[in-house]
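Trainee:
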Ligand SMILES: Nc1ncnc2c1ncn2[C@@H]1O[C@H](COP(=O)(O)OP(=O)(O)OP(=O)(O)O)[C@@H](O)[C@H]1O
Ligand SMILES: [Mg+2]
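In this note's numbering, the protein residues as written are 306 to 566.
(1) Under 8 Å, with one C-beta from each stretch per pair, do the stretch 428–447 and the stretch 382–394 reach the 3-pair mark?
(2) I need the boundaries of the beta strand (DSSP E) containing residue 514, first residue and last residue.
(3) Within this structure, are the beta carbons of residue 325 and residue 489 separated by less than 7 Å?
(4) Helix, strand or coil: how does DSSP classify residue 321 here?
(5) Could you name each continuous beta strand (DSSP E) segment of 3 residues or more that falls completely within the stretch 393–467, going from the start of the chain to the end?
(6) What's the call for residue 382, buried or exposed, on a 16-neighbour Cβ count within 10 Å?
(7) Find the nearest neighbour of residue 460 within the set 516, 328, 523, 364, judged by alpha-carbon distance.
(8) Tell whether a beta-carbon distance below 7 Å holds between residue 398 and residue 347.
(9) Does DSSP classify residue 489 as helix, strand or coil?
(10) When you measure from the CB of residue 388 to every non-hydrogen atom of ligand 2, does any distance come out below 6 Å?
(11) How is the beta strand (DSSP E) around residue 357 delimited, first residue to last?
(12) Quick one: is residue 380 buried, meaning 16 or more other Cβ sit within 10 Å of its Cβ, or exposed?
(13) Would you list the residues sitting across from residue 338 in a DSSP beta bridge?
(14) Grab the span of the alpha helix (DSSP H) containing residue 384 for me, first residue to last.
(15) Quick one, what's near ligand 2 if you take every residue whose CB is closer than 6 Å to any heavy atom, in chain order?
(16) Hey, would you say the C-beta of residue 335 is under 6 Å away from at least one heavy atom of ligand 1?
(17) Buried or exposed, going by whether 16 or more other CB atoms sit within 10 Å of the CB of residue 322?
(18) Report yes or no: is there a C-beta of chain D within less than 7 Å of the C-beta of residue 509?
(19) How is the beta strand (DSSP E) around residue 506 delimited, first residue to last?
(20) Thinking C-alpha only, which one of 520, 469, 479 is nearest residue 419?
(21) Starting from residue 524, trace the beta strand (DSSP E) in both directions and tell me its first and last residue.
(22) Spatial neighbours of residue 415 within its chain, please: CB distance less than 6 Å, with the 5 preceding and 5 following residues excluded, ordered by chain position.
(23) Have a look at the DSSP bridge pairing and note the partners of residue 363.
As structure tokens, this is what we get:
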């Protein structure tokens, strides 16, 4: 709640730059501001100071097309299975595409594609009651619901948290397939090794700020480039492609955003 004693500054100076086709990882301690930062990627939150440009759209533009940005940038929340709300898996995955006003056939085709992409057989799972799925299957069903919107950029908040090693491997394999097909990925994780293996670049967020950025090798071996030094994340912003997404000096009080004020 902005301007009240309850106001919380969840992030204070985050600089992130994602180029089309990249896999970018975001690491940081619990409470460091990762989830708050990435909710800017599809304009669930907008910066109160600083600048954020996502898929070429300025989040502070008064005429920002929210529907368009949410079609182009898919966000999979932390513990997304908590948001499965339809009785049947197929209906849950279909929820987004139905809202887009597509034909029945197109919705069905998208649901089938999205489910098969995450390894849930359409015929086998479409009529399953959502609450009967295993944890890993729920996570994949939730991911399918976002994929059915066919976004260009997929932002995943702790996608493998709480899964056993086999479910984790499976899910990461499906996510990497998406990248092979041309999707840009932004992945938040506590699991540094998991991110180091797959990411082109990593950002380390600390206490609401971009603390380090660089390739996994730079971040792990040399401690990366300090965000306020030469070669810093903010310098990187100016070299982005028009299709890229960036945030520079974004500040966001969490509570204010949560109340939608
Ligand atoms: N709606 C809110 N109301 C009050 N405080 C909030 C709100 N949202 C976030 N915060 C605070 O902002 C800070 C950053 O939270 P955020 O959820 O972005 O962290 P995180 O890095 O994603 O943590 P985790 O790794 O535990 O998911 C935390 O101190 C959190 O308590
Ligand atoms: Mg989080």
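C-beta: ideal position from N, C-alpha, C; glycine also.
Mentor: On the basis of the data shown:
(1) yes
(2) 514–519
(3) yes
(4) Taken through DSSP and simplified to helix, strand or coil, residue 321 comes out as strand.
(5) 458–462
(6) buried
(7) Distance check between residue 460 and each of 516, 328, 523, 364 places 328 closest, using alpha-carbon atoms only.
(8) no
(9) strand
(10) no
(11) From DSSP, the beta strand (DSSP E) with residue 357 extends over 354–359.
(12) buried
(13) Bridge partners of residue 338: none, in fact.
(14) It is not in any alpha helix (DSSP H) - residue 384 carries neither H nor E in the DSSP assignment.
(15) The set of residues with any CB-heavy atom separation to ligand 2 below 6 Å comprises, in chain order, 339, 340, 383, 462.
(16) yes
(17) By the neighbour-count rule (16 or more Cβ atoms within 10 Å), residue 322 is buried.
(18) Considering every chain present, this structure includes no chain D. It has just one protein chain.
(19) 506–511
(20) 479
(21) Segment: none, residue 524 is in no beta strand (DSSP E) and carries neither H nor E.
(22) 402, 453
(23) 358
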